[in-house]
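Below is one structure, written out as structure tokens; the observations come after it.
Chains as they are written, first to last, in my numbering: chain A, 1316 to 1431; chain B, 121 to 233.
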């Protein structure tokens, strides 16, 4: 099976702009989670989607939002970008079933966002 | 709130040396435990995981970890490291009812030939 794919891989934006990042999970996986990785804060959970519903959300401002489509692909949007949003944004998918036990998450290569 | 502590931020070893990376977590309920590795320029990969059963788990590339519930610890070990083990290692935990992974700050391992 192909792994988790993320597009674009690299992105440069300026303050105040908005950005949309895309994630395609491993085929058959219905759960998608997003994480932000920075040198200062490490890996921090953003949100998790399962069957088009947000199940869990981390401690990020409302400028960070996401959604999941019926084919399990997910997008993450950041509005009104700030310099501190520069980071590697990672997507992970798992094949956790509705009501079933949590399964292992597999990570994509990430999108590296630079805000100038 | 859940938290994960990795005691060693940067470890430098020579090839063939033994490795132990510490990981402690803070959570009162039942958890799943993971070690992920990030090789230079590559994405996070799962090394090993503990969900239940035998507290000594074996992962890929000769790594193993032991879950000690009384100490809230999940230390990673390898008896003999190789240069190719140079990478950053992350311990992570999630509560049984969530996919939200809480990561430690990571340990950067450098192995010299």
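Heads up, the beta-carbon is just placed ideally off N, CA and C, and yes, glycines get one too.
In whole angstroms, give me the CA-to-CA distance for residue i and residue j.
| i | j | result |
| --- | --- | --- |
| residue 153(B) | residue 1429(A) | 32 Å |
| residue 1331(A) | residue 1370(A) | 28 Å |
| residue 1362(A) | residue 173(B) | 29 Å |
| residue 195(B) | residue 144(B) | 8 Å |
| residue 1333(A) | residue 1410(A) | 30 Å |
| residue 175(B) | residue 213(B) | 15 Å |
| residue 164(B) | residue 1392(A) | 22 Å |
| residue 75(B) | residue 1384(A) | Given a span of 121 to 233 for chain B in the structure shown, any question on residue 75(B) remains unanswerable. |
| residue 225(B) | residue 1358(A) | 7 Å |
| residue 1364(A) | residue 1394(A) | 19 Å |
| residue 123(B) | residue 146(B) | 5 Å |
| residue 211(B) | residue 204(B) | 19 Å |
I'd like to check one pair, residue j with residue i: are the Cβ atoms closer than 8 Å?
| i | j | result |
| --- | --- | --- |
| residue 167(B) | residue 157(B) | yes |
| residue 202(B) | residue 231(B) | yes |
| residue 1338(A) | residue 1378(A) | no |
| residue 227(B) | residue 131(B) | yes |
Could you tell me which residues DSSP puts in a beta bridge with residue i?
| i | result |
| --- | --- |
| residue 124(B) | 145(B) |
| residue 1408(A) | 1347(A), 1421(A) |
| residue 180(B) | Partner(s): none; residue 180(B) has no beta bridge. |
| residue 1368(A) | 1365(A) |
| residue 1333(A) | DSSP, once it has assigned bridges, lists no residue as partnering residue 1333(A). |
- Residues of the region 1338 to 1358 of chain A with a CB closer than 8 Å to any CB of chain B: list them in chain order, please. 1346, 1348, 1350, 1357, 1358
- Message: Which residues of the region 146 to 171 of chain B have a Cβ closer than 7 Å to any Cβ of chain A? Give them in chain order.
- Response: 152, 163, 164, 166, 169
- Item | the region 218 to 232 of chain B: positions lying closer than 8 Å to chain A by Cβ | 218, 219, 220, 221, 222, 223, 224, 225, 226
- Message: As an exercise, report each continuous beta strand (DSSP E) stretch of at least 3 residues that is fully enclosed by the region 158 to 232 of chain B, in chain order.
- Response: 165 to 170, 176 to 178, 184 to 188, 193 to 198, 207 to 215, 227 to 232
- Message: Suppose only complete runs of 3+ residues qualify. What are the beta strand (DSSP E) ranges in the region 1367 to 1404 of chain A, listed by chain order?
- Response: 1368 to 1372, 1379 to 1383, 1389 to 1393
- Message: Tell me which residues of the region 184 to 213 of chain B have at least one Cβ-Cβ distance to chain A shorter than 7 Å, keeping chain order.
- Response: 210
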